[in-house]
Amino acid sequence: MLGNVGLCLRGGVSRGGGGVAAAERGLLLGGLSRSRRAVERKTTCWSSRVSAPLSTMAPGVDCKCLTLDNINPCIKTMEYAVRGPLVIRASEIERELQQGAKKPFTEVIKANIGDCHAMGQVPITFIRQVLALVSYPPLLQDGTFPDDVKKRARAILDGCKGSSVGSYTDSPGIEIIRRHVAEYIERRDGGVPCDWNNITLCAGASDGIKAVMKLLVKEDGGKKPGVMIPIPQYPLYSATLSEFDMYQIGYYLNESNDWALDIHELQRSFDEGKKSCNPRAIVVINPGNPTGQVLSRQNIEDIIKFAYKENLVIFADEVYQDNVYAEGSQFHSFKKVLTELGEPYSKMELASFMSCSKGYMGECGLRGGYSEVINLDPDVRAMLLKSISAMLCPTVLGQATMDCVVNPPQPGEPSYENFQQEKKAVLNSLALRANMVADTFNSIDGIHCNPVQGAMYAFPRITIPDKAVAKAKELNLAPDAFYAFQLLESTGICIVPGSGFGQIPGTYHFRTTILPLPEKLKFMLEKFKEFHLNFVKQYS
423 MLGNVGLCLR GGVSRGGGGV AAAERGLLLG GLSRSRRAVE RKTTCWSSRV SAPLSTMAPG
483 VDCKCLTLDN INPCIKTMEY AVRGPLVIRA SEIERELQQG AKKPFTEVIK ANIGDCHAMG
543 QVPITFIRQV LALVSYPPLL QDGTFPDDVK KRARAILDGC KGSSVGSYTD SPGIEIIRRH
603 VAEYIERRDG GVPCDWNNIT LCAGASDGIK AVMKLLVKED GGKKPGVMIP IPQYPLYSAT
663 LSEFDMYQIG YYLNESNDWA LDIHELQRSF DEGKKSCNPR AIVVINPGNP TGQVLSRQNI
723 EDIIKFAYKE NLVIFADEVY QDNVYAEGSQ FHSFKKVLTE LGEPYSKMEL ASFMSCSKGY
783 MGECGLRGGY SEVINLDPDV RAMLLKSISA MLCPTVLGQA TMDCVVNPPQ PGEPSYENFQ
843 QEKKAVLNSL ALRANMVADT FNSIDGIHCN PVQGAMYAFP RITIPDKAVA KAKELNLAPD
903 AFYAFQLLES TGICIVPGSG FGQIPGTYHF RTTILPLPEK LKFMLEKFKE FHLNFVKQYS
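In terms of this note's numbering, the numbers along the sequence shown are unbroken and rise by one, the last being 962.
Written out as structure tokens, the structure is:
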């Protein structure tokens, strides 16, 4: 069912000039071809080492202990579409432009990944001021920094051993920051209690997700553990399941209903998956990535009841909880809904995740996040903490960034007004861009885009002519990957094909961010429209 997830990675990348011919040469001769040649080389090096004395080995023989034949097969099956061959080719094109190559464009627009600051978003002043002080404490004596900034910095430094962010922290993170996270969650959820002992700080939400998912890795009755993930999905999940040798159970989101979850589809995918694995968990991304939907409270209640019925742990990926734009849409945390449903649902195992990479902050590179895991068996919690301790601690600057997010300036504090202005400016601009993207794509024949209710992405459906589908097949590419490579070579716009996220067979999509600043986004959409019309004309 999910065999075409990641098919966009089957091509290579062009080393030559622009245009269709160069792209095709790259696709036929590029990255994956090199990998295949490596796979085809049957290495006998190790047996030679065992049977022959070192002095008799031929000089210059390329003997490697690690080959594609003997490394962990789970690593070979991992695919991560948002950093695949298209992005590699985009980086090559950037270097070619810097070296004076002539292209039909002057820059590469990387709309493939939610990297806010790389696309021009200005950092939030309060966050960067706190980071400056904790990184260089002598600045605490500088009168130009507001008192509330100094207060936050001192609290963080007091929680560090030796009052330095260069020291290790407790493995779950600095206690005062974990307490601040718990207070933040209580405020967010209208007073629903939160125990700070259930909070673990992590190097971005991805590390937190993988730390909890490791607990599920155990075969039972000869069957692998399975995890239900949405299709389309964020490729972290398919990659992690491959890495951990777990079974991927895909459930399709309902595109005709603004990418909502359909309980009948959940049941269908669960029943199908149960034939091949032991389903143990369900992942829900809300607001959605790559689809940009925001789940209704009723939809969340239905998911919780389904998970209870089938005895599944819930993974609630809520990193975009600040990114809600559409009128009538509202973020509801799984923790709040589950608690308010009462028993037996309030006793269910739930892991929820937040990050400082998204929202209005966009601090992707600082790698800060948290997980809240509730209702775990105490013995299992001890195992989780033991596993986390093997990684020593998450990055301390990432922890400090997370503290700024959950413990922001309050009314009456000197940084409050500026903080609120900057936060609102970012979110208002993203709301404007969300509408701009959906409206523009829907104005183009052959492209349909659902409203971008939240998050930072659109996932439009495209109609690809039969001749283009045939050409893609000739190049051993998914049709939407072929489309994306042509777009990149013709315009410099880098997107991710829908086949990297999963989609209903026979449909084609792509993911693009809404992150380019308004003027650049307008320019990008104009170039996109021009390309699409020419592409359809060429292959019709």
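Glycine included, C-beta positions come from ideal geometry on N, C-alpha and C.
(message) Please classify Y747 as buried or exposed, where buried requires at least 16 neighbouring CB atoms within 10 angstroms.
(response) Position 325 of the sequence shown, counting from 1, holds the residue named residue 747. The residue in question, Y747, is buried, as its Cβ has 16 or more Cβ neighbours within 10 Å.
(request) Please name the residue or residues paired with L623 in a DSSP beta bridge. (result) The count along the sequence shown starts at 1 and reaches residue 623 at position 201. Its beta-bridge partners are Y792.
(request) Helix, strand or coil for V735, going by three-state DSSP, please let me know. (result) As a position in the sequence shown, residue 735 is number 313, starting the count at 1. Residue state, collapsed to three classes: strand.
(request) Can you tell me which of T913, P919, S912 puts its alpha carbon nearest to the alpha carbon of Q901? (result) Mapped onto the sequence shown, residue 901 falls at position 479. Checking the displayed sequence, the identity of residue 901 turns out to be Pro instead of Gln. Per the Cα distances, P919.
(message) If I measure Cβ to Cβ from G650 and keep anything under 8 Å in the same chain, skipping five residues before and after, which residues do I get?
(response) By 1-based counting over the sequence shown, the position of residue 650 is 228. Correcting the residue type first, residue 650 is Met in the shown sequence and not Gly. Around M650: I671, G672, Y673, L688, S691, F692, G695, P701, A703, I704, V705, L734.
(message) Under 8 Å, with one C-beta from each stretch per pair, do the stretch 536 to 546 and the stretch 935 to 943 reach the 3-pair mark?
(response) yes
(message) Suppose you measure from the CA of G453 to the CA of N898; what does that come to, to the nearest Å?
(response) As a working mapping, residue 453 is identified with position 31 in the sequence shown. As a working mapping, residue 898 is identified with position 476 in the sequence shown. Residue confidence for G453 is low, a pLDDT of 38 falling below 50, so the modelled location carries little weight; the figure read from the coordinates is stated next. If I take the Cα positions, the gap works out to 13 Å.
(request) Assign V802 to one of two classes, buried (16 or more other C-beta atoms within 10 Å of its C-beta) or exposed (fewer than that). (result) The residue labelled residue 802 in the question sits at position 380 within the sequence shown. Exposed, since its Cβ has fewer than 16 Cβ neighbours within 10 Å.
(message) Considering only DSSP beta bridges, list what F932 is partnered with.
(response) On the sequence shown, residue 932 is found 510 positions in, with the first residue counted as 1. BP columns for F932 point to P919.
(message) If distances are taken between C-alpha atoms only, which option among E529, S751, C699 comes closest to S718?
(response) By one-based count along the sequence shown, residue 718 stands at place 296. When each option's Cα is compared against that of S718, the closest is S751.
(message) Measuring straight from C-alpha to C-alpha, what distance separates H602 and Q743?
(response) Numbered from 1 along the sequence shown, position 180 holds the residue referred to as residue 602. Numbered from 1 along the sequence shown, position 321 holds the residue referred to as residue 743. Cα-Cα distance, rounded: 17 Å.
(request) Quick one: using the 10 Å Cβ neighbour count with 16 as the cut-off for buried, is S962 buried or exposed? (result) Here residue 962 corresponds to residue number 540 of the sequence shown, with the count starting at 1. When all chains shown are included, S962 counts as exposed.
(request) Just grab the DSSP bridge partners of N676 for me. (result) For the purposes of this step, residue 676 is taken as the residue at position 254 of the sequence shown. A682, per the DSSP bridge assignment.
(message) Using the Cβ count rule (16 or more neighbours within 10 Å means buried), how would you classify R458?
(response) Position 36 of the sequence shown, counted from the start, is the residue given in the question as residue 458. Residue placement at R458 is flagged as unreliable, the pLDDT there being 35, under the threshold of 50; the coordinate-derived value follows with that caveat. Classification for R458: exposed.
(request) Compute the beta-carbon to beta-carbon distance between F945 and Q908, rounded to the nearest angstrom, for a pair I have assumed lies under 8 Å. (result) The sequence position of residue 945 within the sequence shown is 523, counting from 1. The sequence position of residue 908 within the sequence shown is 486, counting from 1. Rounded, the Cβ-Cβ distance is 19 Å, inconsistent with contact.
(message) Here's a check: name, in chain order, each residue in its chain whose Cβ is nearer than 7 Å to the Cβ of G441, leaving out the five neighbours to either side.
(response) Position 19 of the sequence shown, counted from the start, is the residue given in the question as residue 441. Because the pLDDT at G441 is just 41, under 50, the model does not fix this residue reliably, and the value given afterwards should be weighed accordingly. Cβ neighbours of G441 beyond the five flanking positions: E911.
(request) Give every residue of the same chain whose Cβ lies closer than 8 Å to the Cβ of P683, excluding the five residues on either side of it in the sequence, and list them in chain order. (result) As a first step, residue 683 is located in the sequence shown; it is residue number 261 there, counting from the start. The identity of residue 683 in the sequence shown is Leu, whereas the question assumes Pro. Taken in chain order, the residues that qualify are P652, Y673, L675, N676, V706, L717, N721, D724, I725.
(message) Just to confirm before moving on: does the CB-CB distance between I549 and E785 stay below 8 Å?
(response) In the sequence shown, counting from the first residue as 1, residue 549 sits at position 127. In the sequence shown, counting from the first residue as 1, residue 785 sits at position 363. Closer than 8 Å, so yes.
(message) Just verifying my parser: in three-state terms, what is the DSSP assignment at F756?
(response) Position 334 of the sequence shown, counted from the start, is the residue given in the question as residue 756. It is helical.
(request) Establish whether the CB of K525 and some CB of chain D are separated by less than 8 Å. (result) No chain D is present in this structure, which holds just one protein chain.
(request) Drop a sphere of 10 angstroms on the beta-carbon of T528, count the other beta-carbons inside from all chains shown, and report buried for 16 or more, exposed for fewer. (result) The sequence position of residue 528 within the sequence shown is 106, counting from 1. Exposed, since its Cβ has fewer than 16 Cβ neighbours within 10 Å.
(request) Kindly list the residues whose CB is nearer than 6 Å to the CB of F753, restricted to its own chain and excluding five residues on each side of it in sequence; keep chain order. (result) Counting from 1 along the sequence shown, the entry for residue 753 is found at position 331. Here the set comprises Q743, V746.
(request) Determine, using beta-carbon pairs with one atom in the stretch 811 to 824 and one in the stretch 621 to 629, whether at least three such pairs fall under 8 Å. (result) yes
(request) Could you tell me which of G791, Q925, L849 sits nearest to I631, measuring between CA atoms? (result) The residue labelled residue 631 in the question sits at position 209 within the sequence shown. Taking only the C-alpha atoms, the option nearest I631 is G791.
(request) Output yes or no for whether 8 Å exceeds the beta carbon distance between P657 and G876. (result) Your numbering for residue 657 matches position 235 in the sequence shown. Your numbering for residue 876 matches position 454 in the sequence shown. No, the pair does not count as a contact, with Cβ atoms beyond the cut-off.
(request) Could you tell me if L488 is buried or exposed, where buried requires 16 or more neighbouring beta carbons within 10 angstroms of its beta carbon? (result) The sequence position of residue 488 within the sequence shown is 66, counting from 1. L488 comes out exposed.
(request) Could you tell me which residues DSSP pairs with K552 in its beta bridges? (result) Counted from its first residue, the sequence shown places residue 552 at position 130. Note on identity: in this sequence residue 552 is Val, with Lys being the wrong assignment. DSSP output for V552 lists no bridge partner at all.
(message) Using the three-state DSSP reduction, which class does N857 fall into: helix, strand or coil?
(response) Residue 857 sits at position 435 when you count from the first residue of the sequence shown. Three-state result, N857: helix.
(message) Here's the rule: buried if 16 or more other CB atoms are within 10 angstroms of the residue's CB, otherwise exposed. What is E896?
(response) For the purposes of this step, residue 896 is identified with residue 474 of the sequence shown, where counting begins at 1. Answer is exposed; the Cβ neighbour count stays below 16.
(message) Helix, strand or coil, according to DSSP, for A892 in the structure here?
(response) The residue given as residue 892 occupies position 470 in the sequence shown. A892: helix per DSSP, three-state reduction.
(request) Let me know the secondary structure DSSP gives D801 once reduced to three states. (result) The residue you call residue 801 lines up with position 379 of the sequence shown. Reduced to three states, the DSSP call for D801 is helix.
(request) Please confirm whether A773 and V634 have their CB atoms less than 8 Å apart. (result) Taking the sequence shown and counting its residues from 1, the one referred to as residue 773 is at position 351. Taking the sequence shown and counting its residues from 1, the one referred to as residue 634 is at position 212. The answer is yes: Cβ separation under 8 Å.
(request) Return the bridge partner residues of C699 from the DSSP annotation. (result) As a first step, residue 699 must be located in the sequence shown, where it is residue number 277. Answer by DSSP bridge pairing, in chain order: K646.
(message) What does DSSP give as the partner residue(s) for G876 in the beta ladder?
(response) Here residue 876 is taken as the residue at index 454 of the sequence shown, counted from 1. Paired residues: V746.
(message) Looking at the secondary structure, which residues open and close the alpha helix (DSSP H) in which M824 lies?
(response) Position 402 of the sequence shown, counting from 1, holds the residue named residue 824. Unbroken alpha helix (DSSP H) run through M824: 818 to 828.
(message) Nearest by alpha-carbon distance to R933: which of N492, D739, N872, A890 is it?
(response) What you label residue 933 is simply residue 511 of the sequence shown in a count that begins at 1. Among N492, D739, N872, A890, the Cα nearest to that of R933 is on N872.
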